[in-house]
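Here is the structure we will look at, set down as structure tokens.
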Amino acid sequence: MSSRTSPLLVTLGAVVLLLSVAGYAAVSRELIPRITEGIYRVVPNGAWQPYAGTLPPADGTQLIDVEFNLVLRNLHATSHQLIADDCVEKLEINAQAVGQDIVPFCDYARGRTLDLKRVLHAGPNKVSMTIQNVGGPASFNWRISWLDPLLLTLRILLVLGILLSTFLFMKGFALSKVQNLLLGTFSFGVLLRLVYVFATSYEIRAYDADGHLEYTRYVAEHLALPAIRDGWEFYQAPLYYIVTGLWMRAGMEMGRALPLLTRDIQWIALFSSVLALAGMAWIATLLFARKEKTERILFLASAAVLPSIVFVSARVNNDVFLLLMEVFCFAFLLKWWQTGRWRHWWLSLLLLALAILSKTNALLLLPPVFLLLVCRRRLPLKTKALTGALSLLLLTLLVGWIFTLRNGASLSQPLVVNTGNLSSGLYVQNTIETFTEFNPLRMALRPYNNPWDDGAGRQYFWEYFFKSAFFGEFDFGETLKPLAIAVLVCAFLALLYAVYGAWVSIRKDGWRTLPVWGTAGFLLLGHALHRAITPHSCAQDFRFSLLLSLPVIFFVIQGIRSLRSPLLKSVGMVVVLTGIALQVVFLMGIIVLF
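Using full-length UniProt numbering, count along the sequence shown one by one with no gaps and you end on 594.
What follows is the structure in structure tokens.
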């Protein structure tokens, strides 16, 4: 940063950013419709029941009539998206049949976009529809289409405001060229997440979003934690649900509608994701020296566009806080390892406690954290023992209660309480082959995971784990399949560099890079053991070990720069840059198509 910093430009950038965000929040609130006075009945003889956000499940096919008022303000959207589980058979608004060219339809993934300019007006609009449920849960989701002209204009203005504020910050702080590139990369990652959230409803690419919302609503309504076994997700560590529950309670007190509060929780996820990205930028500066400018930018860019991390920015579950806390725990741990300042140790320990309170997967960080304490040089054994004892005591005081004092908690029960209730169809085998095979050809032929289908390679831990880093457990269709294959090819080639980079880091610079390879090793080992102990396909998902992506990216870059061959270095750079570009295009494809 130069001494030619301009306070005026910095202040102007901050004002533009605040006005853009505040303006978007205020105007978008006006656009969002409210559903009131909802009722439903099972056809043909069911009694009318009040609609409170859920519809009755069924063992077979059934029809459900639903009626409600769609309340709009004077400034309102005209393009709406309707998604139903499973089909919409009839739709009327204000006693007029709408969407005759597309109704009936069955599309639980994307639904249909309706241009309702001619039938909607300010105030209450009477909506009547018939939903067909072919078995299992039934539901519908009515929301503004992300391509609605008013909403799209508003979002474009927000993006332009962020871009302008970024430019003003760059000029105001008189950043160097490399600093500008880092800030630009960070800003691009923020915009990518923002656009993804714009296009993604809370239940899209989610993991039991309604179960997590049920937990949040319980906290909001009772200002207490539920009994662990009273709900599917109630066993989860409570921090995320306390924060979102208190926010929901405050919104309920102010009369804020449930759809708005649910969207608020997605904005909390976006804010947490942006903070986590900032932590990754800091980690880039800790792992690479100032002269290693290209390495810093490649590291941040690779982390900024990894789909499994971007997906978290719109998610309604505790993955949101887990990623944030683990990233900063890792960052402070690196800082302590490099400087030896104890405040960094205690901050990393506090963040570890918050991570465990967010999701118990963070327990896998305990071994590398205390391994670093044991291996710390020029530290008397007595100091290590005292620090270790105090650290364990602090962690026990902060997090021990969730394993012992919560209603229904017991040290004898598994950490994942609902494992025993998972469908037998998710069961996978524990064999030598399932833990040793890693077949690139099989992955290229079936790039998407399917937790229910052996044909997609779900039996093979490393293949499922690898693919889920990019695609989760979701199928993105034939249109994006060639792009998905290209992403996997680049990722596999990058993995070869990562293996070499890990070997070089351990062999030549083992002590300095111990936090990186130690963390990576324990996360990998812990995840594999979890899969062996709870042999279900869903236990193999990379989302449980998102922090692992940072050591892997570091090893890829280390592998490239450690090679003597200029040709192999160039190939490595092309692979990384191509992979980054392909992942961005893939994410934009998801946004446009889904």
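We put the CB at the ideal spot given by N, CA and C, even for glycine.
- Note that the segment 282-290 does not touch the segment 237-250; fewer than 3 beta-carbon pairs, one per stretch, sit closer than 8 Å.
- By the criterion of at least three beta-carbon pairs nearer than 8 Å, the segment 43-52 is not in contact with the segment 69-82.
- Nearest to D85 by alpha-carbon distance, out of A25, F311, D107 and L386, is D107.
- With the rule of 3 Cβ pairs closer than 8 Å, the segment 328-336 does not count as touching the segment 577-594.
- With a 10 Å radius around the Cβ and a threshold of 16 neighbouring Cβ atoms, H222 comes out exposed.
- Taking all protein chains in view, the Cβ of P44 is surrounded by fewer than 16 other Cβ atoms within 10 Å, so the residue is classified as exposed.
- Contact annotation: A237 and I356 have beta-carbon atoms nearer than 8 Å.
- Taking a 10 Å sphere around the C-beta of E478, we find fewer than 16 other C-beta atoms and assign the residue as exposed.
- R34 carries a strand assignment under DSSP once its states are collapsed to helix, strand and coil.
- Rounded to whole angstroms, R34 and S6 show a C-alpha spacing of 45 Å.
- Contact between the segment 481-489 and the segment 542-551 is not established, with fewer than three Cβ pairs separated by less than 8 Å.
- Contact between R315 and A269 holds: their C-beta atoms lie close to 5 Å from each other, under 8 Å.
- Restricting attention to alpha helix (DSSP H) runs no shorter than 4 residues, the segment 201-241 encloses them at 209-222, ordered along the chain.
- I432 sits exposed, since fewer than 16 C-beta atoms from the chains shown fall within 10 Å of its C-beta.
- Approximately 13 Å separates the beta-carbon atoms of V305 and V312; this is outside 8 Å, ruling out the contact.
- Taking all protein chains in view, the Cβ of R118 is surrounded by fewer than 16 other Cβ atoms within 10 Å, so the residue is classified as exposed.
- In the DSSP assignment, R155 falls within the unbroken alpha helix (DSSP H) covering P149 to G172.
- With fewer than 16 other CB atoms across the displayed protein chains lying within 10 angstroms of its CB, S570 is exposed.
- At least 8 Å separates the beta-carbon of F186 from that of A331.
- Of the other Cβ atoms in all chains shown, 16 or more fall within 10 Å of the Cβ of S302; this residue is therefore buried.
- Per DSSP, V98 lies in no alpha helix (DSSP H) and is assigned neither H nor E.
- Short of 6 Å from the beta carbon of F554, and not among the five residues preceding or following it, lie these beta carbons of its own chain, in chain order: L287 and V516.
- Just so you know, the alpha carbons of G161 and F167 end up roughly 10 Å apart.
- In the DSSP assignment, S79 falls within the beta strand (DSSP E) that extends over S79 to D85.
- Rounded to whole angstroms, the gap between the alpha carbons of M443 and G46 is 48 Å.
- Following the DSSP letters along the chain, one finds F586 inside the alpha helix (DSSP H) bounded by residues P566 to L593.
- Taking each of H80, W146, I131 and V327 in turn and checking the Cα distance to D115, the smallest one comes out for H80.
- Counting only runs of 4+ residues, the alpha helix (DSSP H) found wholly inside the segment 350-436 occupies 366-375, 381-399, 401-404 and 432-436, in chain order.
- In the structure shown, the three-state DSSP call for V15 is helix.
- Of the candidates R406, F522, N318 and H536, H536 places its Cα closest to the Cα of S423.
- Spanning the alpha carbons of H121 and V197 requires a straight line of approximately 27 Å.
- Between the C-alpha atoms of R296 and F403 there is a straight-line separation of about 40 Å.
- For E463, the enclosing alpha helix (DSSP H) starts and ends at F461 to F471.
- Pairing L152 with S201, the inter-Cα distance amounts to about 16 Å.
- Minimum Cα-Cα distance from E214 among the listed residues I204, W503, Y235 and A199 corresponds to Y235.
- Per the DSSP secondary-structure output, Q49 pairs in a beta bridge with Y40.
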